[in-house]
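Peer 1: Residue numbers (our numbering): 12 to 282. Dropping a structure here in structure tokens format, bear with me for questions.
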């Protein structure tokens, strides 16, 4: 099940024709696709017909919906997932709902994976059915000790079944990478489970967080969406050193991307 075509290990969106309507109203075009996929997946899940192939395919169709309104993707480091010898703990920063929606299209054709998510997502009327199929690890985000126990116990169980775990250790989604809000819960899970860490730096500000409905913010096609997976990090200590390596990997990539975006902006202004 290969959904994305990589060239030299990198996926980049090919230039496509953007319909006038989608250029003017990207949110309407994108959310029409997104809502349709959520309801379709929910129906399959309630019937017991949902599986990883359906999950990845639905995620891919939303990605195509983003590209249709002009959002460009750049995905690198996929070889680090392909060369894994065991399940891993993927630890990344968290900007918007985009990464939660799109990562299945990237990950599931290569590895079996699930997420650490807020308990409230499982309680959603429609989306909750999809989340329940994914067998995520649910946390409160308000009770750190209880959440740590849930992640460690649930993570060890799933990793033991060959399922990798995606962790966004921030307390909330934000375009600013605040290391003080980036907990070491993922590194602690990797240490307890003796699993490698795959760092993930991402920039998904093109799908903004909404003010009233956080999942339904504005869409900015001028911003490139980036995912960069780093080389696996073996946990050889209590996790603190490895946690710092993840932070440095994310910070380095975000800095490079910010400079690239600034140069692109200057070039457009000159043109």
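We put the beta carbon where it would ideally sit given N, CA and C, even for glycine. Quantities reported herein were computed from a predicted structural model and do not represent experimental measurements.
So is residue 259 in contact with chain C if we call contact Cβ pairs under 7 Å?
Peer 2: Going by chain labels, chain C is absent from the structure shown, which holds only one protein chain.
Peer 1: As a quick exercise: from 159, 212, 79, pick the residue whose alpha carbon is nearest that of residue 33.
Peer 2: The candidate whose alpha carbon is nearest that of residue 33 is 79.
Peer 1: Three-state secondary structure (DSSP) at residue 185?
Peer 2: DSSP places residue 185 in coil when its eight states are reduced to three.
Peer 1: I'd like to know if the segment 51-65 and the segment 203-219 are in contact, where contact means that at least 3 CB-CB pairs between them fall below 8 Å.
Peer 2: With the cut-off at 8 Å, the segment 51-65 and the segment 203-219 do not touch.
Peer 1: Looking only at its chain, what residues have a beta carbon closer than 6 Å to the beta carbon of residue 126, apart from the 5 residues adjacent to it on each side?
Peer 2: Within the same chain, residue 126 has close Cβ partners 147, 177.
Peer 1: In three-state terms, what does DSSP make of residue 161?
Peer 2: DSSP places residue 161 in helix when its eight states are reduced to three.
Peer 1: Taking the alpha-carbon positions, what's the residue 166 to residue 254 distance?
Peer 2: The alpha-carbon atoms of residue 166 and residue 254 are separated by roughly 17 Å.
Peer 1: Give the DSSP-derived three-state secondary structure of residue 99 in the structure shown.
Peer 2: Three-state result, residue 99: coil.
Peer 1: Alpha carbon to alpha carbon, what distance is there between residue 108 and residue 102?
Peer 2: Cα to Cα, the separation comes out at about 16 Å.
Peer 1: Going straight from the alpha carbon of residue 197 to that of residue 209, what length do you get?
Peer 2: One C-alpha to the other measures close to 10 Å.
Peer 1: Please list, in chain order, all residues of the same chain as residue 50 whose beta carbon is under 7 Å from its beta carbon, the five residues on each side excluded.
Peer 2: Answer for residue 50: 137, listed in chain order.
Peer 1: Whole angstroms is fine: what's the gap from residue 134's alpha carbon to residue 36's?
Peer 2: Rounded to the nearest angstrom, the two C-alpha atoms are 31 Å apart.
Peer 1: In chain order, what residues of the same chain lie with their CB nearer than 6 Å to the CB of residue 84, ignoring the 5 residues before and after it?
Peer 2: For residue 84, where only same-chain residues beyond five positions count, the Cβ hits under 6 Å are 24, 236.
Peer 1: Rank 228, 71, 245, 95 by C-alpha distance to the C-alpha of residue 115 and give the top, closest one.
Peer 2: Comparing Cα-Cα distances from residue 115 to each of 228, 71, 245, 95, the minimum goes to 71.
Peer 1: Have a look at residue 161 and residue 28 and give me their C-alpha separation to the nearest angstrom.
Peer 2: So the two alpha carbons sit approximately 46 Å from each other.
Peer 1: Taking residue 283 as the reference, which of 69, 119, 68 has the closest Cα?
Peer 2: Since the first and last residues shown for the chain are 12 and 282, residue 283 lies out of range.
Peer 1: Among residues of its own chain, excluding the 5 on either side of residue 189, which ones have a beta-carbon nearer than 8 Å to its beta-carbon?
Peer 2: Once the five neighbours on either side are set aside, the close Cβ partners of residue 189 are 181.
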